[in-house]
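Asks: Handing you this structure, nothing more for now.
2 protein chains.
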Amino acid sequence: MNQAKPRYQQLKDLIIGRISSGELQPADRVPSENELVESMSVSRMTANRALRELNDEGYVDRVAGRGTFVSDYRSQSHLLEVHNIADEIALRGHAHSSQVMRQSLQHARGEVAKALHVEQGTDVVHLLLVHAENGVPIQLEDRHVLASFAPGCLQQDFAAVTPSAYLTSISPLQEAEQVVRASVPNRAVQKYLDIEDGEACLVVIRRTWSAGRPVTFARLHHPGSRYELTGHYTPPGTSRSTSSDVVQLEELRQ
Amino acid sequence: MNQAKPRYQQLKDLIIGRISSGELQPADRVPSENELVESMSVSRMTANRALRELNDEGYVDRVAGRGTFVSDYRSQSHLLEVHNIADEIALRGHAHSSQVMRQSLQHARGEVAKALHVEQGTDVVHLLLVHAENGVPIQLEDRHVLASFAPGCLQQDFAAVTPSAYLTSISPLQEAEQVVRASVPNRAVQKYLDIEDGEACLVVIRRTWSAGRPVTFARLHHPGSRYELTGHYTPPGTSRSTSSDVVQLEELRQ
DNA sequence: CCCGTGAAGTTGTATATACAGGCTAGTACA
DNA sequence: TGTACTAGCCTGTATATACAACTTCACGGG
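Top line first, the protein sequences correspond to chains F and Y.
If you read the first sequence in the numbering used here, its first letter stands for residue 2, the second for the next number, and so on.
If you read the second sequence in the numbering used here, its first letter stands for residue 2, the second for the next number, and so on.
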């Protein structure tokens, strides 16, 4: 039934486990190849493969002569494309604030139940909040969270910690699916985001999985005039160990 | 100046070269590890690393007992997220057609020159075409291509082969950057896409690099009511060799 | 005090070797 | 004829060994 995993994969799992449990923090030193040889009774080539693949996958950074260190690149959002609005704003050096409009226990129905793969009537927490960048509304977050996944969700102060950050802290989110649309919003959304009549919205609809099942479903409305999504694609094989120049956009955005 | 690349990387480059030159077609057999040992005078472990990494990066598929074969997964779009509208429509089983509205040689100025990193006045080919799915307009492609990169661009019949496919055939596009916006378009765009007054557009602005320099800059307008972008994110390390279930969205789109 | 030098530890690469396990084709046998 | 088996090739993993290059740090000479 349960195939024995290869030795190098066991090593990877062990280290990933230490990272996601918090035992190893970003920038912490990971055991060197020789230390793994001693403590785990493997050959250096096996330890090398484990650490090299963790490097390729972005979990750690390796520097010849110095050692292997937990990467903090990954911790901010786990997946580059699926980021937290607060971090995104902070990255631009601006001030983030958010206002909780609704935070209530509800029964899932219709689209929400379908998206979360649960029966109609299952308990979900409904969150509605407006995120602002330097005081200007930039995202209306309309989110449903499986109550069984995040029991503390009703008490949490989401003005201080965003739902995204809170959910990530409970359990690493492992998979995400999103749809991006453009539409002219209804009055309610217009009011929340303080946008003109007839202005377009960029809508991101996102489902996120943890432990193999969907746990949260969010509709994110953004004012078309104040928000855009950016992405940068490089072919795999472009070594992660070389200096990461993730810069070079920005000028098109102005 | 030019650091000697490691042996395994030379092997990878060699095989990638054979694939992108067309010498090796999808599903063709790639030299086995032992054949590389003989012909390239390397150890089997080195050949193994080269082929294993090509597998991880999606260039080839390996089957224990049978051999290594060129993957066709990669050839359709090189980067999953940066796809060709014609392929995308074909994937849905619908009919794609396109109409060329403009195909002319121009001098780059302003935003275009800036985006392509060239002097004002450099020759660029300007393309404007409307793509339709089952006869319904779904994308207005407003593209500028560096004339020096694609000399045949003015003669090409883009109603038959999309610019994206044509450019990919000239040289593999290696890097892409895109910005996604929502906006209400002007009259001209409205007319091309046959959309209602006041309806939103999903706008994708994309720059693509080849051989280290930007070669094409495109603004893609889509009717908000008839088009959406979808994305699916899985953490790296989710082995590529296991059966790829890229399915599982679709139901949210209805 | 400063600088160079070298030792020790680290990653990066390359090789030879070994065994396990999957796949295929051909052969021997019933 | 058909079936079972096996030889041969393939990938997948694991180990021991070796050398190169980089980083840090301590030590010693100027």
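No residue lacks a Cβ here, since even glycine has one placed at the ideal position from N, Cα and C.
Can you say whether Y/P152 is buried or exposed, counting buried as having 16 or more other CB atoms within 10 angstroms of its CB?
Replies: Reading the second sequence from its first residue, position 151 is the one you call residue 152 of chain Y. With fewer than 16 other Cβ atoms within 10 Å, it is exposed.
Asks: Residue range of the beta strand (DSSP E) that Y/P186 falls in?
Replies: Start at 1 with the first residue of the second sequence, and residue 186 of chain Y comes out as number 185. Here Y/P186 belongs to no beta strand (DSSP E), and DSSP marks it neither H nor E.
Asks: Output the distance between the C-alpha atoms of F/Q191 and Y/D195, rounded to the nearest integer angstrom.
Replies: The count along the first sequence starts at 1 and reaches residue 191 of chain F at position 190. The count along the second sequence starts at 1 and reaches residue 195 of chain Y at position 194. Those two C-alpha atoms are separated by around 26 Å.
Asks: Does the beta carbon of Y/V61 come closer than 8 Å to any beta carbon on chain F?
Replies: For the purposes of this step, residue 61 of chain Y is identified with residue 60 of the second sequence, where counting begins at 1. Not one chain F Cβ lies under 8 Å of Y/V61.
Asks: Quick check on the burial criterion: 16 or more other C-beta atoms within 10 angstroms. Buried or exposed for Y/S170?
Replies: Numbered from 1 along the second sequence, position 169 holds the residue referred to as residue 170 of chain Y. By the 10 Å Cβ count, Y/S170 comes out exposed.
Asks: Using the Cα positions of Y/A28 and Y/E178, report the straight-line distance between them to the nearest angstrom.
Replies: What you label residue 28 of chain Y is simply residue 27 of the second sequence in a count that begins at 1. What you label residue 178 of chain Y is simply residue 177 of the second sequence in a count that begins at 1. Distance between the alpha carbons of Y/A28 and Y/E178: 30 Å.
Asks: Taking the beta carbon of Y/E197 as the centre, do at least 16 other beta carbons fall within 10 Å, making it buried, or is it exposed?
Replies: As a first step, residue 197 of chain Y is located in the second sequence; it is residue number 196 there, counting from the start. So Y/E197 counts as exposed.
Asks: Return the chain-ordered list of same chain residues with a C-beta closer than 8 Å to the C-beta of F/I90, the five sequence neighbours on each side being excluded.
Replies: Walking along the first sequence from the start, residue 90 of chain F turns up at place 89. Correct list, in chain order: A96, H97, H132, E134 and I139.
Asks: Could you check whether the Cβ of F/Y193 sits closer than 8 Å to any Cβ belonging to chain Y?
Replies: Along the first sequence, read from residue 1 onward, the residue named residue 193 of chain F stands at position 192. So no, F/Y193 is outside the interface.
Asks: Under three-state DSSP, which class holds F/S98?
Replies: Within the first sequence, numbered from 1, the residue matching residue 98 of chain F stands at position 97. It is a strand residue.
Asks: Give me, in chain order, the residues of the same chain whose beta-carbon lies closer than 7 Å to that of F/L37; leave out the 5 immediate sequence neighbours on both sides.
Replies: Start at 1 with the first residue of the first sequence, and residue 37 of chain F comes out as number 36. Around F/L37: L12, V43 and A48.
Asks: Does F/Q121 come out as helix, strand or coil in the three-state DSSP assignment?
Replies: Locating residue 121 of chain F in the first sequence gives position 120, where the first residue counts as 1. Three-state result, F/Q121: coil.
Asks: Check whether chain Y comes within 8 Å of F/Y9, counting only Cβ atoms and requiring the distance to be less than that.
Replies: As a first step, residue 9 of chain F is located in the first sequence; it is residue number 8 there, counting from the start. So, not an interface residue.
Asks: How would you call F/S244, buried or exposed, if buried means at least 16 neighbouring beta carbons within 10 angstroms?
Replies: In the first sequence, residue 244 of chain F corresponds to position 243, counting from 1. Confidence in F/S244 is poor, its pLDDT being 34 and thus under 50, which makes the residue's placement unreliable; the coordinate value appears in the next sentence. It is exposed - the Cβ of F/S244 has fewer than 16 other Cβ atoms within 10 Å.
Asks: Hey, how far is the Cα of F/A166 from the Cα of Y/T231?
Replies: The residue you call residue 166 of chain F lines up with position 165 of the first sequence. The residue you call residue 231 of chain Y lines up with position 230 of the second sequence. Near 23 Å, if we compare the C-alpha coordinates of Y/T231 and F/A166.
Asks: Y/V31: buried (16+ other C-beta within 10 angstroms of its C-beta) or exposed?
Replies: In the second sequence, the residue the question calls residue 31 of chain Y occupies position 30. Looking at its Cβ environment, which holds 16 or more other Cβ atoms inside 10 Å, Y/V31 is buried.
Asks: For F/Q140, would you say it is in contact with chain Y, using Cβ-to-Cβ distances shorter than 8 Å as the test?
Replies: Here residue 140 of chain F refers to the residue found at position 139 when the first sequence is read from its first residue. Judged by the 8 Å Cβ criterion, F/Q140 is not in contact with chain Y.
Asks: Which of the three DSSP states, helix, strand or coil, is assigned to Y/R67?
Replies: Within the second sequence, the letter at position 66 stands for residue 67 of chain Y. Here Y/R67 sits in coil by DSSP.
Asks: Short of 8 Å in beta carbon distance, which residues of its chain neighbour F/F159, apart from the five on each side in sequence? Order them along the chain.
Replies: Position 158 of the first sequence, counted from the start, is the residue given in the question as residue 159 of chain F. Cβ neighbours of F/F159 beyond the five flanking positions: S99, V101, Q104, L128, L130 and Y167.
Asks: Roughly how many angstroms lie between the CA atoms of Y/S76 and Y/F70, to the nearest whole one?
Replies: Counted from its first residue, the second sequence places residue 76 of chain Y at position 75. Counted from its first residue, the second sequence places residue 70 of chain Y at position 69. Confidence at Y/S76 is low in this model, with a pLDDT of 46, below 50, so its placement is unreliable and the value that follows should be read with caution. When rounded, the distance between both Cα atoms is 13 Å.
Asks: Mind listing, in chain order, the continuous beta strand (DSSP E) runs of no fewer than 3 residues lying wholly within the segment 146 to 227 of chain Y?
Replies: Counting only runs of 3 or more, we get 176 to 184, 202 to 211 and 214 to 224.
Asks: Mind reading off the beta-carbon distance from F/A201 to Y/S226? Whole number of angstroms is fine, and I expect it under 8 Å.
Replies: Taking the first residue of the first sequence as position 1, residue 201 of chain F is located at position 200. Taking the first residue of the second sequence as position 1, residue 226 of chain Y is located at position 225. Contact flag wrong, Cβ pair sits at about 12 Å.
Asks: F/R110 to F/G122, Cα distance in whole Å?
Replies: Translated into the one-based positions of the first sequence, residue 110 of chain F becomes position 109. Translated into the one-based positions of the first sequence, residue 122 of chain F becomes position 121. Taking the straight line from one Cα to the other gives about 6 Å.
Asks: Skipping 5 residues on each side, what residues in its chain have a beta carbon closer than 7 Å to that of Y/V205?
Replies: Counting from one through the second sequence, the residue named residue 205 of chain Y turns up at place 204. Around Y/V205: Q179, V181 and L221.
Asks: Indicate whether at least one CB of chain F lies closer than 8 Å to the CB of Y/S244.
Replies: As a first step, residue 244 of chain Y is located in the second sequence; it is residue number 243 there, counting from the start. Its pLDDT being 33, under 50, Y/S244 is placed unreliably by the model, and nothing is read from it.
Asks: Starting from F/R182, find everything on chain Y with Cβ-Cβ shorter than 7 Å and list it in chain order.
Replies: By one-based count along the first sequence, residue 182 of chain F stands at place 181. Those are L203, G225 and E229, listed as they occur along chain Y.
Asks: Going along chain F, which residues have a C-beta under 7 Å from Y/A87?
Replies: Along the second sequence, one-based indexing puts residue 87 of chain Y at 86. Ordered by position in chain F, no residue passes the 7 Å Cβ test against Y/A87, which lies about 19 Å from the chain.
Asks: Do F/L141 and F/V126 have their C-beta atoms within less than 8 Å of each other?
Replies: Against the first sequence, residue 141 of chain F aligns to sequence position 140. Against the first sequence, residue 126 of chain F aligns to sequence position 125. Not in contact: F/L141 and F/V126 (Cβ atoms no closer than 8 Å).
Asks: For F/R67, count the other beta carbons within 10 Å of its own beta carbon; 16 or more makes it buried, fewer makes it exposed. Which is it?
Replies: Within the first sequence, the letter at position 66 stands for residue 67 of chain F. The residue is exposed, with fewer than 16 neighbouring Cβ atoms inside 10 Å.
Asks: So who's on the other strand from F/Y234, going by DSSP bridges?
Replies: Here residue 234 of chain F refers to the residue found at position 233 when the first sequence is read from its first residue. Paired residue(s): Y/A177.
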